[in-house]
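Count along the sequence shown starting at 1, add 420, and that's the number in my numbering. For glycine and all other residues, C-beta sits at the position ideal for the given N, C-alpha and C. Note that the coordinates shown come from a computational prediction; the quantities given were computed from them, not determined experimentally. Written out below as structure tokens is the structure these notes cover.
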Amino acid sequence: MDAVTQQQLGSSSMKLSRGSRVRFGILMVISVSTAINYLDRANLAIVAPALSADLRLDAAQTGLLFSAFSWTYAILQIPAGWLIDKVGAKLAFGYALIAWSLATCAIGLARGFGVLFGLRLALGAAEAPAFPANSALVASWFPKKERGTATAAYTAGEYVGLAVATPVLAAVATALGWQSVFYLCGGLGLAWAVVWLTRIRNTPKGHPRVSPEEMRLLADGGAVVDTPKHDRASWSDVLRLLRHRRMIGILIGQFAISSTLFFFLTWFPSYLVRAKHFTLLNAGFMASIPYIMALIGVFFAGSWSDRMLKRGTSVNVARKAPIITGLVGASVIVLANFTDDPALIITIMSLAFFAQGMSAISWSLVADIAPVGKFGVTGGLFNFIGNVGGIVSPLVIGYIVELTGSFVGGIGYVAVVAAVGALAYIFLVDNVERLQTN
Numbered sequence: 421m422d423a424v425t426q427q428q429l430g431s432s433s434m435k436l437s438r439g440s441r442v443r444f445g446i447l448m449v450i451s452v453s454t455a456i457n458y459l460d461r462a463n464l465a466i467v468a469p470a471l472s473a474d475l476r477l478d479a480a481q482t483g484l485l486f487s488a489f490s491w492t493y494a495i496l497q498i499p500a501g502w503l504i505d506k507v508g509a510k511l512a513f514g515y516a517l518i519a520w521s522l523a524t525c526a527i528g529l530a531r532g533f534g535v536l537f538g539l540r541l542a543l544g545a546a547e548a549p550a551f552p553a554n555s556a557l558v559a560s561w562f563p564k565k566e567r568g569t570a571t572a573a574y575t576a577g578e579y580v581g582l583a584v585a586t587p588v589l590a591a592v593a594t595a596l597g598w599q600s601v602f603y604l605c606g607g608l609g610l611a612w613a614v615v616w617l618t619r620i621r622n623t624p625k626g627h628p629r630v631s632p633e634e635m636r637l638l639a640d641g642g643a644v645v646d647t648p649k650h651d652r653a654s655w656s657d658v659l660r661l662l663r664h665r666r667m668i669g670i671l672i673g674q675f676a677i678s679s680t681l682f683f684f685l686t687w688f689p690s691y692l693v694r695a696k697h698f699t700l701l702n703a704g705f706m707a708s709i710p711y712i713m714a715l716i717g718v719f720f721a722g723s724w725s726d727r728m729l730k731r732g733t734s735v736n737v738a739r740k741a742p743i744i745t746g747l748v749g750a751s752v753i754v755l756a757n758f759t760d761d762p763a764l765i766i767t768i769m770s771l772a773f774f775a776q777g778m779s780a781i782s783w784s785l786v787a788d789i790a791p792v793g794k795f796g797v798t799g800g801l802f803n804f805i806g807n808v809g810g811i812v813s814p815l816v817i818g819y820i821v822e823l824t825g826s827f828v829g830g831i832g833y834v835a836v837v838a839a840v841g842a843l844a845y846i847f848l849v850d851n852v853e854r855l856q857t858n
């Protein structure tokens, strides 16, 4: 700890002598921002039945629109990680939020497949810095024993936004047209960008409201409280990460986690309407139930993981057990192929998405294993591979539906990929500890 940090520890405001909790305010801003992030990538799924009918798009074209987001999002993950390591999470995420909100508004103006496809590519490019930035902030603002819960909190933002907004946006689309959904979501993001840019700090060091007690808690608990020095960005950083077996296992697991997630973010409402004959409005309300269950799942997994750590369980077990349990549980989605009962379908999907939510705390591993000064590029690589799943999953499901006229094969694909992800964590991920790449 350098002299500046020592001075902060010794002379911070007396009015915060009881110990500040600034990190939780930072986490709140991250969580709301993540909710907006996921709402803007998933709102297409909510209005897809109406939009596809209006613009006369077939299932393959709809699948391409769902997948297009992930093409640029995935490709730009590693460059986005370098950007975060260079300029910091605050600016990288803040300006990205403005850019993707403008792209969201523009989607409401689109009147053809080509324009929609281009805007979905732009949306994916703009959102690329989001999750690597989140991971970098958690590594700086939370000690290891709180990272599972912190990761669960911002990851839960994915599901909170969708659980609350899915029925609301379905009602808005029914009443005002599908275009209004994009105007509403984009405007919300532009307003929130002001909050992000004024409230977020990259690290606790120098923050005027961080007390000596909180700074000591963070520093002693393994948080990166000062801005680390960064080497020049290089593809060799990526190659060095890929030499580690545990990194390969985590990447395979993230491909599986994202493949399951992207079914719910893209095809799920259309699945309810086209395969199970729900109305758009009913699908919007019923689809919110699995999102709520996923929210519960991610908080359950985060708190379970951190409780195990506090009780002395090894970090290997504490981090991996919820993820493996979640991936195995997500494979129960295949049972939906054997019933047409609406209540049973929603129950199965809720259980599968609860389990998927559990596995989503995998982002806590990035904060745990990323080399110091390489949080951005590690998170970028992690999210790149995950979003290859986001590219593949909607396309595979779309083409299966187009070729067979049924979702049966698509649901089976999701279940198999989830099981493979669980096996990768069991057999490839060994010690959960910070990687050395020098």
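Burial state of residue i (16 or more Cβ within 10 Å)
i: Asp478; result: exposed
i: Gln856; result: exposed
i: Thr618; result: exposed
i: Gly764; result: Note that residue 764 corresponds to Leu in the displayed sequence, not to Gly. When all chains shown are included, Leu764 counts as exposed.
i: Arg665; result: exposed
i: Gln427; result: Confidence in Gln427 is poor, its pLDDT being 44 and thus under 50, which makes the residue's placement too unreliable to answer from.
i: Asp788; result: buried
i: Lys625; result: buried
i: Asn463; result: buried
i: His697; result: exposed
i: Lys730; result: exposed
i: Arg476; result: exposed
i: Val754; result: buried
Selection from the options that minimises the alpha carbon distance to residue i
i: Gln497; options: Arg540, Leu529 and Ala548; result: Ala548
i: Thr569; options: Ser708, Phe705 and Met778; result: Met778
i: Pro499; options: Trp655, Ala595 and Thr586; result: Trp655
i: Leu471; options: Lys564, Trp598, Val452 and Ile781; result: Trp598
i: Ala780; options: Val754, Ile846 and Pro742; result: Pro742
i: Ile504; options: Ile668, Leu801, Leu755 and Asn702; result: Leu801
i: Leu557; options: Val849, Ser451, Arg461 and Ile709; result: Ser451
i: Phe682; options: Ala835, Leu511, Trp520 and Val645; result: Ala835
i: Thr699; options: Gly829, Leu638, Phe720 and Pro762; result: Pro762
Contact under 8 Å by Cβ, residue i with residue j
i: Asp581; j: Leu459; result: With the sequence shown as reference, residue 581 is identified as Gly, and Asp is not the correct amino acid for it. In contact: Gly581 and Leu459 (Cβ atoms closer than 8 Å).
i: Gly799; j: Trp502; result: no
i: Ala842; j: Ser690; result: no
i: Pro715; j: Ala576; result: Reading off the sequence, residue 715 comes out as Leu, not Pro. In contact: Leu715 and Ala576 (Cβ atoms closer than 8 Å).
i: Ala838; j: Gly722; result: no
i: Ala550; j: Phe602; result: no
i: Leu539; j: Ala546; result: no
i: Met728; j: Ser770; result: no
i: Ile672; j: Ala526; result: no
i: Lys740; j: Val840; result: no
Residue i: first and last residue of the uninterrupted alpha helix (DSSP H) it sits in
i: Trp687; result: Unbroken run through Trp687: none, as it is neither H nor E.
i: Glu633; result: Pro632 to Asp640
i: Asp460; result: Val442 to Leu475
i: Ile789; result: Trp783 to Ile789
i: Ser555; result: Ala550 to Trp561
Inter-residue CB distance, residue i and residue j (contact presumed, cutoff 8 Å)
i: Val449; j: Trp616; result: 6 Å
i: Gly818; j: Ala480; result: 5 Å
i: Leu517; j: Trp612; result: 7 Å
i: Phe675; j: Val816; result: Actually they are not in contact, since the Cβ atoms of Phe675 and Val816 sit about 13 Å apart, beyond 8 Å.
i: Thr814; j: Trp687; result: The question names Thr, yet the displayed sequence has Pro at residue 814. Going by Cβ atoms, the distance from Pro814 to Trp687 rounds to 6 Å, so yes, they are a contact pair.
Cβ of residue i within 8 Å of any chain C Cβ
i: Ile789; result: Going by chain labels, chain C is absent from the structure shown, which holds only one protein chain.
Heavy atom of the ligand MG within 7 Å of residue i beta-carbon
i: Ala787; result: Looking for the ligand MG in the displayed structure turns up nothing, as the structure carries no ligands at all.
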